[in-house]
Amino acid sequence: MNAERNELILIYFPSFSAAASAYNTLKESGITHLSIEETLPIGNTDSTPSSYVYSLSSAAVSNTPPCGPACRWLLTMSKPAGDVSKAIDIAMDYGALFVE
15 MNAERNELIL
25 IYFPSFSAAA
35 SAYNTLKESG
45 ITHLSIEETL
55 PIGNTDSTPS
65 SYVYSLSSAA
75 VSNTPPCGPA
85 CRWLLTMSKP
95 AGDVSKAIDI
105 AMDYGALFVE
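According to the working numbering, the sequence shown is numbered sequentially starting from 15.
The following block contains the structure:
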């Protein structure tokens with residue numbers, strides 16, 4: 015699948031470690047414009063923020079996520095170039111839940 019220049023690919027992971035591993039592998043393979051965002055599951059009823067974006071030079075988090083193990087992690091690829099099928103395959107190898 016060839017990505018358009020302004021396409022946004024969203025890949026959801028069950029844990030930060032899975033998202034971080036995919037992030038690092040994708041970076042090493044030359045894919046840029048990546049970010050990881052923590053998202054809460056549907057039904058969040060407390061005052062916890064619905065998401066928190068991590069700015070990463072390498073995928074590492076030094077603080078505890080506000081929602082702990084209930085979080086889902088979103089790896090975003092913006093402006094992907096060329097064939098993104100390989101990138102999606104890499105993400106699936108690291109346990110991606112689904113891709114949008």
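Glycine included, each C-beta is placed from N, C-alpha and C at the ideal position.
These numbers were taken from a predicted model, which means no experiment stands behind them.
C-alpha distance - Leu-24 paired with Lys-93, whole-angstrom precision: Roughly 12 Å between the two C-alpha positions.
Are the CB atoms of Thr-90 and Leu-48 within a distance shorter than 8 Å? When the beta-carbon positions are compared, Leu-48 and Thr-90 come within less than 8 Å of each other.
Range of the contiguous beta strand (DSSP E) that encloses Thr-53: Per DSSP, Thr-53 belongs to the beta strand (DSSP E) from 48-53.
Considering only their Cβ atoms, is the gap separating Ala-34 from Ile-50 smaller than 8 Å? Going by C-beta atoms, Ile-50 is nearer than 8 Å to Ala-34.
Among Phe-27, Leu-22, Phe-112, the one whose alpha carbon lies nearest that of Thr-53: Thr-53 has its Cα closest to that of Phe-27, out of Phe-27, Leu-22, Phe-112.
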